[in-house]
Amino acid sequence: MLPGATTPLELNKALLEPFFPGEPTRPVDSILLPFKDCPALGVDEVGRALAKSSPSSAPGPDITPNSVWKRIHRVAPHLILDLLSPLVNHGFHPPTLKLADGIVLDKPGKPSYDSPSSFRVIVLLQTFSKILERIMNSRLSCVARVAGLLNPHQCGSLAGLSAADATTTLTHEVKTLQMAGRKVSTHFLDIKGGFDNVNASILCSMLKAKAVNPYLVSWTRSFLTGRTCRLRFQGSPKVFAPVAVRTPQGSPVSPLLFVIYVSQLHHEIPQGLTLS
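Read in order, the letters of the sequence shown are residues 767 to 1042 in the working numbering.
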């Protein structure tokens, strides 16, 4: 039991605040207009997004596994399409798709469990929401490189480049310089809590500055704001609370949004190489 938390609601609050800082509830625009130059969503596009969905992923508050959505798409391919098309056309991610479950787990081997740091939280997002997130991730990634939103030395979180490529490149550069008799130093930088600190306004300003289609900018802002989460533990009150999680862990689009956000941190080093 955490100090000062004697009821399930108090315990829920004591666990929620360190992991997910609160955020004021934002009003939803009463009138949403469709974007004129938004590419229409197609059945094949929905199918490709579903094909990337793992059947073993645990569902969030919608309690619907990916296998159900895949079967629905096979039987009635236009059903999911008709549900998602208005959201794409209006650049909108509704509050009902921004609900998440936070599963509270004990960290093994702790001498006591009277501090939030003795626990970790696994966030489960809604599987239906992830279909839309994969679609928007695919669309945004197609324009990200062309628009100059990504650093050319970014490895990982992108199709075709992984951490293994970064390791191979670094090893090659070090050996090449050593063979030439040069001294080599490598500096590593880790961004703590990176996903949690992505600012929606700054990110959307970056997208606008590169002339990204307005519907993608609108959807990104909508996706990153107004999120809610409920914690799940023995005796939890199971109440949703507004949280400022920014780019949520486990979302298909979060890695791409994050590497776009940090792309301006990369600077060219004379006689050196910057990898991310």
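We put the beta carbon where it would ideally sit given N, CA and C, even for glycine.
Fair warning: this is a prediction, and the values are worked out from it, not measured in the lab.
Within 10 angstroms of the Cβ of V983, are there 16 or more other Cβ atoms? Answer buried if so, exposed if not.
Translated into the one-based positions of the sequence shown, residue 983 becomes position 217. So V983 counts as buried.
Please decide whether H844 counts as near chain B, where near means a Cβ-Cβ distance under 9 Å.
Judged by its chain identifiers, the structure shown contains no chain B, having just a single protein chain.
What's the gap between the Cα of I829 and the Cα of L890?
The residue labelled residue 829 in the question sits at position 63 within the sequence shown. The residue labelled residue 890 in the question sits at position 124 within the sequence shown. Near 10 Å, if we compare the C-alpha coordinates of L890 and I829.
Under a Cβ-count criterion, where at least 16 other Cβ atoms within 10 Å of its own Cβ denotes burial, should L910 be classed as buried or exposed?
Position 144 of the sequence shown, counting from 1, holds the residue named residue 910. A small fix is needed here, since residue 910 is Ala in this sequence, not Leu. It counts as buried.
Less than 6 Å between C-beta atoms, sequence neighbours within five positions excluded: which residues of the same chain meet that for V1040?
As a first step, residue 1040 must be located in the sequence shown, where it is residue number 274. For the record, residue 1040 in the displayed sequence is Thr; it is not Val. Hits under 6 Å: H919, H1032.
Distance check for W835 and H844, CA to CA, integer angstroms please.
Stepping through the sequence shown from its first residue, residue 844 is reached at position 78. Stepping through the sequence shown from its first residue, residue 835 is reached at position 69. Roughly 12 Å between the two C-alpha positions.
Just verifying my parser: in three-state terms, what is the DSSP assignment at A866?
By one-based count along the sequence shown, residue 866 stands at place 100. The answer is strand: DSSP assigns A866 an E or B state.
Use the C-beta contact count for R814: other C-beta atoms within 10 angstroms, 16 or more gives buried, fewer gives exposed.
Against the sequence shown, residue 814 aligns to sequence position 48. Answer is exposed; the Cβ neighbour count stays below 16.
Quick check: what's the CA-CA separation for L782 versus G959?
As a position in the sequence shown, residue 782 is number 16, starting the count at 1. As a position in the sequence shown, residue 959 is number 193, starting the count at 1. So the alpha carbons of these two residues sit roughly 16 Å apart.
Can you give me the C-alpha to C-alpha distance between L865 and P827, rounded to a whole angstrom?
Position 99 of the sequence shown, counting from 1, holds the residue named residue 865. Position 61 of the sequence shown, counting from 1, holds the residue named residue 827. Taking the straight line joining both Cα atoms gives about 7 Å.
Buried or exposed: N963, going by 16 or more other Cβ atoms within 10 Å of its Cβ?
As a position in the sequence shown, residue 963 is number 197, starting the count at 1. So N963 counts as exposed.
For L863 and A817, what's the separation of their Cα atoms in angstroms?
Position 97 of the sequence shown, counting from 1, holds the residue named residue 863. Position 51 of the sequence shown, counting from 1, holds the residue named residue 817. Going by the C-alpha atoms only, they are around 20 Å apart.
Count the C-beta pairs between the region 875-884 and the region 846-865 that are closer than 8 Å, then say yes if the count reaches three, no if not.
These segments do not touch.
Candidates P874, Q1030, Q1015: which alpha carbon is nearest M972's?
Counting from 1 along the sequence shown, the entry for residue 972 is found at position 206. When each option's Cα is compared against that of M972, the closest is Q1030.
Nearest-angstrom Cα distance between R987 and N855?
Taking the first residue of the sequence shown as position 1, residue 987 is located at position 221. Taking the first residue of the sequence shown as position 1, residue 855 is located at position 89. Taking the straight line from one Cα to the other gives about 15 Å.
Could you pull out every residue in the same chain whose Cβ sits closer than 8 Å to the Cβ of C709, ignoring the five residues on either side in sequence?
Outside the modelled stretch of the chain, which goes from 767 to 1042, sits residue 709, for which no answer is possible.
Cα separation between I901 and K949?
Start at 1 with the first residue of the sequence shown, and residue 901 comes out as number 135. Start at 1 with the first residue of the sequence shown, and residue 949 comes out as number 183. Cα to Cα, the separation comes out at about 46 Å.
Tell me, to the nearest whole angstrom, how far the beta carbon of K976 is from that of A929; I am working on the premise that it is less than 8 Å.
For the purposes of this step, residue 976 is taken as residue 210 along the sequence shown, with counting starting at 1. For the purposes of this step, residue 929 is taken as residue 163 along the sequence shown, with counting starting at 1. That pair is no contact at about 26 Å.
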